[in-house]
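Single-structure report; data block below.
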Amino acid sequence: MPIYGTALLSLCLLTGLTVGRLIGAALGVDADIGGVGIAMILLIIGCDSLQRRRLMKAPTENGIVFWGQMYVPIVVAMAASQNVLGALSGGVMAIVAGLAAVALSFVLVAVLAKGGSKEEKGS
Amino acid sequence: MSILEGILIKNGLLTAFSLIGVTMLVSYWASEKLTRGRLHGSAIAILIGLLMAVLAGGKNGLSDIPMLSGVGLMGGAMLRDFAIVATAFGVRMEEFIKSGFIGIVSLFLGLFVSFFAGGVVAFAFGYRDAVSITTIGAGAATYIVGPVTGGAIGASSEVIALSIAAGLVKAIAVMIATPFLAKAIGLNNPRAAMIFGGLMGTNSGVMAGLAATDPKLVPYGAMTATFYTGLGCLLGPSVVFMIARALF
């Protein structure tokens, strides 16, 4: 049944968010550190072990795959709920500060990403 | 009319599914017919989403309109994180491990570059105290790191508001710019996506930017970006503030 997959996905995220919060608390910050990443690792490991034991049936998979396919529309809904006006009304300094960080980061992505891909092509 | 309105409000999530579904349909049609696929359908959809948020005008965009409050639930943290974890299904663990080291490097590099860029801009605009410079720099990391850092080191509410605005500008700029710059910066493989997520850090920006570029890259960018805000909240009020205090 698809609900098995959806339940597994939910458990992974709930566990990940809890662990992320605990890591944050251990380091003394009131924030989630890596919750989603931990949940993704749990999901990969969980699905892998189920597949190995042949317990992963197609309907179960569908209960996970469906939500992955809903990702883009959910991001569109997220974009539509952003405080875009708030960003623009922050004044010139806020806009310049935000754009400067983005511009510098894009340059660094180009340096780091291209540097490695050449090596990979060579090997 | 009021009967329909009542139904749309009561079934907010369904209203959101319908509205976003039509938005996707229009966007993918426009992508194919008007840009011949050069601009990805999801990129157009995200732009339309941002535009609708501007037109709605509120603090939470479209979801401030009672009839469309379901958009806030659909695009809120719960379903967003849920869908993003689901995209990891079918990804092999080795892909993450292979790029793990460069991912961690890009995380720290990305945080310091954003703190630096924001701090320099704050300085250029006349701020001379370590607290304000650190807070605005933190805002240039993400709009969560800004207020968390500012709150911890005692920044004024005006500076904290500026830091949130800087973070919002960053998130939106990443959403819009990524699909256009992806080719030029080599963002077309899992390794580059992990670097991208670590350097940009802003969750919403990274997720929307990658969705508009190539949805297959989403789990990789999300994997590193998910550590960014937490690490920023950790480093901002401590290491970065100490550096700023030593300088000013």
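Quick note, the sequences are listed as chains A and B, same order. So in the working numbering, the last one in the first sequence is 123, and the numbering has no gaps at all. So in the working numbering, the last one in the second sequence is 1248, and the numbering has no gaps at all. Beta carbons: idealized from backbone N, C-alpha and C, even for Gly. As the structure is a prediction and not an experimental result, all values here were calculated from the model.
Determine the burial state of glycine 28(A): buried for a count of at least 16 other Cβ atoms within 10 Å of its Cβ, exposed for fewer.
-> Along the first sequence, read from residue 1 onward, the residue named residue 28(A) stands at position 28. Result: exposed.
For lysine 1331(B), the three-state DSSP class (helix, strand or coil) = The requested residue 1331(B) does not occur in the structure, where chain B is confined to residues 1001 to 1248.
Rounded separation between alanine 1182(B) and methionine 1207(B) - CA only = As a working note, residue 1182(B) is residue 182 in the second sequence. As a working note, residue 1207(B) is residue 207 in the second sequence. Roughly 14 angstroms between the two C-alpha positions.
Would you grab the beta carbon distance between threonine 1202(B) and valine 1174(B) for me? Rounded to a whole angstrom, and I think it's under 8 angstroms.
-> Position 202 of the second sequence, counted from the start, is the residue given in the question as residue 1202(B). Position 174 of the second sequence, counted from the start, is the residue given in the question as residue 1174(B). The pair is a contact, with the Cβ atoms about 6 angstroms apart (cut-off 8 angstroms).
What is the rounded straight-line gap between the Cα of tyrosine 1228(B) and the Cα of glycine 24(A)?
-> Within the second sequence, the letter at position 228 stands for residue 1228(B). Within the first sequence, the letter at position 24 stands for residue 24(A). Rounded to the nearest angstrom, the two C-alpha atoms are 12 angstroms apart.
Would you decide whether threonine 1035(B) is buried or exposed? Buried here means 16 or more other CB atoms lie within 10 Å of its CB.
-> Position 35 of the second sequence, counted from the start, is the residue given in the question as residue 1035(B). Threonine 1035(B) should be labelled exposed.
Kindly indicate which residue of Ile1164(B), Asp1081(B), Ile1044(B) has the alpha-carbon position closest to the one of leucine 85(A).
-> Taking the first residue of the first sequence as position 1, residue 85(A) is located at position 85. Checked all of Ile1164(B), Asp1081(B), Ile1044(B); the closest Cα to leucine 85(A) is Ile1164(B).
Of the choices Leu1047(B), Ile1044(B), Leu1079(B), whose alpha-carbon is the least far from that of leucine 14(A)?
-> The residue given as residue 14(A) occupies position 14 in the first sequence. Cα-wise, what sits closest to leucine 14(A) is Leu1079(B).
Anticipated Cβ contact below 8 angstroms, alanine 1171(B) with alanine 97(A), distance rounded = By one-based count along the second sequence, residue 1171(B) stands at place 171. By one-based count along the first sequence, residue 97(A) stands at place 97. The Cβ separation is near 13 angstroms, so there is no contact.
Kindly give me the distance between the Cβ atoms of threonine 1226(B) and glycine 37(A), rounded to whole angstroms, as I take these residues to be in contact under 8 angstroms.
-> Translated into positions along the second sequence, residue 1226(B) becomes position 226. Translated into positions along the first sequence, residue 37(A) becomes position 37. The pair is a contact, with the Cβ atoms about 4 angstroms apart (cut-off 8 angstroms).
Does the ligand PLP have a heavy atom nearer than 7 angstroms to the CB of serine 1069(B)?
-> The ligand PLP is absent from the structure shown, which contains no ligand whatsoever.
8 angstroms contact criterion, which valine 1218(B) and isoleucine 1084(B) should meet: CB distance rounded = As a working note, residue 1218(B) is residue 218 in the second sequence. As a working note, residue 1084(B) is residue 84 in the second sequence. Right, the Cβ-Cβ distance comes to about 7 angstroms (below 8 angstroms), so this counts as a contact.
Residues in its own chain within less than 6 angstroms of threonine 1087(B) by CB, not counting five upstream and five downstream?
-> As a first step, residue 1087(B) must be located in the second sequence, where it is residue number 87. Cβ neighbours of threonine 1087(B) beyond the five flanking positions: Val1218, Pro1219.
Residues of the stretch 1217–1237 of chain B with Cβ closer than 7 angstroms to any Cβ of chain A, in chain order = Val1218, Pro1219, Ala1222, Met1223, Thr1226, Phe1227, Thr1229, Gly1230, Leu1231, Cys1233, Leu1234
Are alanine 1053(B) and serine 81(A) close, meaning C-beta to C-beta below 8 angstroms?
-> Position 53 of the second sequence, counted from the first residue, corresponds to residue 1053(B). Position 81 of the first sequence, counted from the first residue, corresponds to residue 81(A). Yes, Cβ-Cβ distance for alanine 1053(B) and serine 81(A) is below 8 angstroms.
Residue range of the alpha helix (DSSP H) that leucine 1116(B) falls in?
-> Sequence index remark: in the second sequence, residue 1116(B) carries index 116 (1-based). Note on residue identity: the sequence assigns phenylalanine, not leucine, to residue 1116(B). Here the alpha helix (DSSP H) through phenylalanine 1116(B) covers 1100–1124.
CB contact check: proline 59(A) to chain B, cutoff 8 angstroms = Locating residue 59(A) in the first sequence gives position 59, where the first residue counts as 1. Not one chain B Cβ lies under 8 angstroms of proline 59(A).
Put alanine 1140(B) into one of helix, strand or coil per three-state DSSP.
-> Translated into positions along the second sequence, residue 1140(B) becomes position 140. Alanine 1140(B) falls in the helix class under three-state DSSP.
Determine the chain A residues that contact phenylalanine 1215(B) at a beta-carbon separation under 8 angstroms, and present them in chain order.
-> Counting from 1 along the second sequence, the entry for residue 1215(B) is found at position 215. The residue asked about is misnamed: residue 1215(B) is proline in this sequence, not phenylalanine. Those are Tyr71, Val72, listed as they occur along chain A.
Exposed or buried, what is asparagine 1189(B) when buried is set at 16 or more other beta-carbons lying within 10 Å of its beta-carbon?
-> For the purposes of this step, residue 1189(B) is taken as residue 189 along the second sequence, with counting starting at 1. It is buried - the Cβ of asparagine 1189(B) has at least 16 other Cβ atoms within 10 Å.
Kindly list, in the order they appear in chain A, the residues whose Cβ is closer than 7 angstroms to that of methionine 1200(B).
-> Taking the second sequence and counting its residues from 1, one reaches residue 1200(B) at position 200. Per Cβ cutoff of 7 angstroms: Ser105.
Spell out whether any CB of chain B is found under 8 angstroms from the CB atom of glutamate 119(A).
-> Walking along the first sequence from the start, residue 119(A) turns up at place 119. Because the pLDDT of glutamate 119(A) is 48, which lies under 50, any placement of that residue in the model is unreliable, and the question is left without a value.
Beta carbon of valine 19(A), beta carbon of leucine 1187(B): below 8 angstroms?
-> As a working mapping, residue 19(A) is identified with position 19 in the first sequence. As a working mapping, residue 1187(B) is identified with position 187 in the second sequence. Cβ atoms of valine 19(A) and leucine 1187(B): not closer than 8 angstroms.
Of the choices Leu1235(B), Phe1180(B), Ile1153(B), whose alpha-carbon is the least far from that of arginine 1038(B)?
-> As a working note, residue 1038(B) is residue 38 in the second sequence. Of the listed residues, the one whose Cα sits closest to arginine 1038(B) is Phe1180(B).
Measure the beta-carbon distance from leucine 8(A) to tryptophan 67(A) and round it to whole angstroms, keeping in mind my assumption that it falls under 8 angstroms.
-> The count along the first sequence starts at 1 and reaches residue 8(A) at position 8. The count along the first sequence starts at 1 and reaches residue 67(A) at position 67. Contact doesn't hold; Cβ gap of about 11 angstroms is too wide.
Sequence-distant residues of the same chain with beta carbon closer than 7 angstroms to methionine 1067(B), five excluded per side | Along the second sequence, read from residue 1 onward, the residue named residue 1067(B) stands at position 67. So the list reads Glu1005, Leu1008, Ile1009, Thr1015, once near-sequence residues are dropped.
According to DSSP, is phenylalanine 1241(B) helix, strand or coil?
-> As a working mapping, residue 1241(B) is identified with position 241 in the second sequence. It is helical.
Pull out every residue of the stretch 39–63 of chain A whose Cβ sits closer than 8 angstroms to any Cβ of chain B, in chain order.
-> Ala39, Met40, Ile41, Leu43, Ile44, Ile45, Cys47, Asp48, Glu61
Test: serine 1002(B) CB closer than 8 angstroms to a CB of chain A | The residue you call residue 1002(B) lines up with position 2 of the second sequence. Taking Cβ atoms only, chain A never reaches closer than 8 angstroms to serine 1002(B), which makes this a no.
Listed by chain order, chain A residues near phenylalanine 1196(B) by CB distance under 8 angstroms | Here residue 1196(B) is taken as the residue at index 196 of the second sequence, counted from 1. Chain A residues near phenylalanine 1196(B): Val109, Ala113.
Give a yes or no on whether the minimum CB-CB distance between glycine 122(A) and chain B is below 8 angstroms.
-> Sequence index remark: in the first sequence, residue 122(A) carries index 122 (1-based). Residue placement at glycine 122(A) is poorly supported in this model, since its pLDDT is 38, which falls under 50; the coordinates still yield a value, given next. Not an interface residue.
Applying a beta-carbon distance threshold of less than 7 angstroms, which residues of chain B neighbour leucine 13(A)?
-> Along the first sequence, read from residue 1 onward, the residue named residue 13(A) stands at position 13. Residues of chain B passing the Cβ test: Asp1081, Phe1082, Val1085.
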